[in-house]
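One structure is given here, and the rest of the page talks about it.
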Amino acid sequence: MPTFKSQPFAAALCTALLLCACRNTDIAADSGIRLPEQFGQNQAARGSADIGAWWRQWRDPVLDSLIERALAQNFDIKIAQSRLKEARAQARLAQADLGPAAGLSAQAAASRGRVDNPLDNPLRARLPQQAADDSFKTQSSLAAAGFSASWEPDIFGQKRSDADAARHAADGYREAVYGARLLAAADTADHYFQARAAQGRLKTAERSTAALQKLLRYVSARFAAGHVSAYEVEQTRAALASAQAKQSTIAAEYAAHVRAIAVLTGQVPQNFVLPDSSADVLADQPDAPSGQTPQGLLERRPDLRAAAAEVRAYAAKLASAKADLLPRFSIRFLGQSGRIDLDSTDLKGWNSLVSVGIRLPLFTNGRISANIQAADARLQSALLRYDRTLLTALGEVDTAYQGQSALTRQNALLQTALGRSEQQAADAQRLFRYGNITLDSALKAELAAQEARENLIRSQLARAQAALGLYKSLGGGWSE
Numbered sequence: 001m002p003t004f005k006s007q008p009f010a011a012a013l014c015t016a017l018l019l020c021a022c023r024n025t026d027i028a029a030d031s032g033i034r035l036p037e038q039f040g041q042n043q044a045a046r047g048s049a050d051i052g053a054w055w056r057q058w059r060d061p062v063l064d065s066l067i068e069r070a071l072a073q074n075f076d077i078k079i080a081q082s083r084l085k086e087a088r089a090q091a092r093l094a095q096a097d098l099g100p101a102a103g104l105s106a107q108a109a110a111s112r113g114r115v116d117n118p119l120d121n122p123l124r125a126r127l128p129q130q131a132a133d134d135s136f137k138t139q140s141s142l143a144a145a146g147f148s149a150s151w152e153p154d155i156f157g158q159k160r161s162d163a164d165a166a167r168h169a170a171d172g173y174r175e176a177v178y179g180a181r182l183l184a185a186a187d188t189a190d191h192y193f194q195a196r197a198a199q200g201r202l203k204t205a206e207r208s209t210a211a212l213q214k215l216l217r218y219v220s221a222r223f224a225a226g227h228v229s230a231y232e233v234e235q236t237r238a239a240l241a242s243a244q245a246k247q248s249t250i251a252a253e254y255a256a257h258v259r260a261i262a263v264l265t266g267q268v269p270q271n272f273v274l275p276d277s278s279a280d281v282l283a284d285q286p287d288a289p290s291g292q293t294p295q296g297l298l299e300r301r302p303d304l305r306a307a308a309a310e311v312r313a314y315a316a317k318l319a320s321a322k323a324d325l326l327p328r329f330s331i332r333f334l335g336q337s338g339r340i341d342l343d344s345t346d347l348k349g350w351n352s353l354v355s356v357g358i359r360l361p362l363f364t365n366g367r368i369s370a371n372i373q374a375a376d377a378r379l380q381s382a383l384l385r386y387d388r389t390l391l392t393a394l395g396e397v398d399t400a401y402q403g404q405s406a407l408t409r410q411n412a413l414l415q416t417a418l419g420r421s422e423q424q425a426a427d428a429q430r431l432f433r434y435g436n437i438t439l440d441s442a443l444k445a446e447l448a449a450q451e452a453r454e455n456l457i458r459s460q461l462a463r464a465q466a467a468l469g470l471y472k473s474l475g476g477g478w479s480e
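To convert, note that position 125 of the sequence shown is 125 in our numbering; the numbers rise steadily by one, no gaps.
This is the structure in structure tokens:
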């Protein structure tokens with residue numbers, strides 16, 4: 001009988017598997033965009049380069065506390081964190097598929113029965129006594145235990161690619177958490193700035209309303225004296241009604257922004273009151289952040305980091321699809337021990353089984369090739385989305401830098417205009433007291449000064465919002 005020497009065969013098989021395991025299944029996936037060395041519009045930036053907690057640059061303790069609470073209690077962040085937990089669990093599941101699986105099994109059974117004797121009496125008389133009974137009782141029992149193990153060695157890296165794809169997908173969800181933190185901080189600050197601007201505009205509207213009420217009394221008195229026409233009276237009344245309506249609208253806007261802050265910070269809107277602050281966040285704003293580079297943008301913006309993770313995930317999926325062309329191996333082991341009792345018969349023993357298998361696709365009617373082409377197309381789409389996101393980000397940063405610079409100059413000019421308007425209003429009051437001009441001229445100068453103040457508040461708000469847009473475009477507002 002021929003014999004088979006297993007040791008040389010096993011050694012050769014192991015060597016072949018190790019050599020096959022050295023195959024590289026990585027897929028190159030690089031962007032075709034060449035980054036510039038510097039941004040084009042940040043030469044005049046002089047602010048702090050630390051943008052991880054940019055809100056502290058405003059030195060407003062109320063703003064700091066609101067954003068810190070939003071980062072801890074915002075529901076969008078919590079939802080993103082929950083999704084990240086799910087994605088990481090899926091990644092661990094894919095990683096676990098790389099290792100072996102083992103299990104224990106056991107079973108026990110017992111049966112008892114009764115069988116009627118179908119033979120007639122004459123025939124029973126010829127048989128032994130045990131076969132002559134009217135019925136027979138049967139009983140049996142079974143007890144068994146076993147151990148099984150299986151493993152599919154990842155020789156060609158398919159399972160590793162699947163695990164990498166799941167891990168990179170989880171990285172994308174992690175970036176979604178960072179993005180949620182970025183947006184929560186920026187949205188809280190945006191509503192805070194708009195609420196403070198509404199407070200300033202409301203004070204301006206109240207002053208304008210008071211001036212218009214004085215003007216209406218003055219014009220009405222002059223109309224009664226026959227010095228002005230009814231047209232001037234109605235014109236003043238219309239201006240007063242418009243100012244009063246504007247005052248009501250501003251108050252509603254302020255309340256809406258306060259409620260939005262409550263929602264962002266995880267508080268009940270009906271119970272939330274915006275605390276007063278000694279800081280003037282609109283008048284005292286930080287300079288644009290310095291030291292920012294396009295390379296740093298790749299490391300900070302969550303959407304860019306998420307797009308890069310998506311590319312890596314699709315590259316791993318393409319590697320997995322290509323591995324379908326290669327053989328798959330499996331190793332299985334089964335060991336069992338048991339005992340069977342059949343009435344007076346007792347059977348017991350054990351057995352084991354070890355198997356090694358290989359599966360190689362020969363004909364799939366183009367299924368594997370089509371799957372590879374689809375995976376490659378998805379990877380190319382992910383690369384294109386990454387390039388688009390990168391170009392958009394580069395454009396947004398320079399646009400934000402330029403916009404904030406323009407608004408800084410505009411604020412300076414409007415501040416000068418306000419100073420001149422207030423000086424003109426003060427001069428008009430002195431001229432009225434000395435009888436050089438009428439009261440209506442002095443009140444109109446006061447109204448012009450209030451209009452200049454509102455223009456400045458609006459411009460300051462626009463500059464603060466531009467700063468928020470700049471920090472967002474740079475990826476500020478989160479840390480690892």
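Quick reminder that beta carbons are idealized off the backbone N, C-alpha and C, glycines included.
Name the DSSP bridge partner or partners of W350?
-> S337
Taking the alpha helix (DSSP H) that D164 falls in, what are its first and last residues?
-> 158-224
Under the rule that 16 or more other beta-carbon atoms within 10 Å means buried, what is V273, buried or exposed?
-> exposed
Return the chain-ordered list of same chain residues with a C-beta closer than 6 Å to the C-beta of A425, the five sequence neighbours on each side being excluded.
-> A445, E446, A449
A94, enclosing alpha helix (DSSP H) - first and last residue = 75-96
So the alpha helix (DSSP H) G296 belongs to, where does it begin and stop?
-> 294-300
In three-state terms, what does DSSP make of L474?
-> helix
Continuous alpha helix (DSSP H) stretch holding L379: start and end = Per DSSP, L379 is one residue of the alpha helix (DSSP H) stretching across 367-433.
Contact under 9 Å by Cβ, A102 with S150 = Judged by their CB atoms, A102 and S150 are nearer to each other than the 9 Å cut-off.
Residue range of the alpha helix (DSSP H) that L240 falls in?
-> 230-264
Three CB pairs or more closer than 8 Å across the region 452-471 and the region 392-401 = yes
By DSSP, does I33 sit in helix, in strand, or in coil?
-> Correct three-state label for I33: coil.
Is F363 buried or exposed, if buried means 16 or more other CB atoms sit within 10 Å of its CB?
-> exposed
Check whether the region 312-321 touches the region 373-393, taking contact to mean three or more Cβ pairs, one atom from each stretch, closer than 8 Å.
-> yes
When the Cβ atoms of the region 175-182 are set against those of the region 300-310, are three or more pairs found closer than 8 Å?
-> yes
Residue from A466, I77, G476 with nearest C-alpha to A406 | A466
Is DSSP giving R305 helix, strand or coil here?
-> helix
Comparing alpha-carbon positions, which option in R388, I457, Q429 lies nearest H411?
-> Reading the sequence as shown, one finds Asn at residue 411 and not His. Closest by alpha carbon: I457.
For V281, count neighbouring C-beta atoms within 10 Å of its own C-beta (all shown protein chains included) and say buried if the count is 16 or more, exposed if not.
-> buried
Excluding five sequence neighbours on each side, which residues of the same chain lie with their C-beta closer than 6 Å to the C-beta of S330?
-> Excluding positions up to five away in sequence, the list reads E152, G357.
Using the C-alpha atoms, what's the distance from L212 back to A462?
-> Between A462 and L212, the alpha-carbon positions lie close to 28 Å from each other.
For T138, which beta-bridge partners are listed by DSSP?
-> G113
So, helix, strand or coil for A323, using DSSP?
-> In this structure, A323 counts as helix in the three-state DSSP scheme.
Would you check if the distance between the CB atom of S148 and the CB atom of I340 is smaller than 9 Å?
-> Cβ distance not < 9 Å, so S148 and I340 don't count as in contact.
In angstroms, rounded to a whole number, what distance separates the CA positions of Y231 and A255?
-> Rounded to the nearest angstrom, the two C-alpha atoms are 37 Å apart.
How many Å lie between S248 and Q194 at the Cα?
-> 16 Å
CB Q336 to CB S355, shorter than 9 Å?
-> no
From Q292, A197, Q90, residue whose alpha carbon lies closest to that of F39 | Q292
For K214, which residues from the same chain have a beta carbon less than 8 Å from its beta carbon, with the 5 sequence-adjacent residues on both sides left out?
-> L439, L443
Should G476 be labelled buried (16 or more other beta-carbon atoms within 10 Å of its own) or exposed?
-> With 16 or more other Cβ atoms within 10 Å, it is buried.
Test item: CB-CB of A561 and S290 under 9 Å = Nothing about residue 561 can be reported from this structure: the residues present for the chain run from 1 to 480 only.
Check whether the Cβ atoms of T389 and A307 lie closer than 9 Å to each other.
-> For T389 and A307, yes; Cβs fall inside 9 Å.
With 16 other Cβ atoms within 10 Å as the buried cut-off, status of E234 = That one is exposed.
For A94 versus R167, is the C-beta spacing smaller than 9 Å?
-> yes
Give a yes or no on whether the C-beta atoms belonging to D427 and I33 are separated by under 9 Å.
-> no
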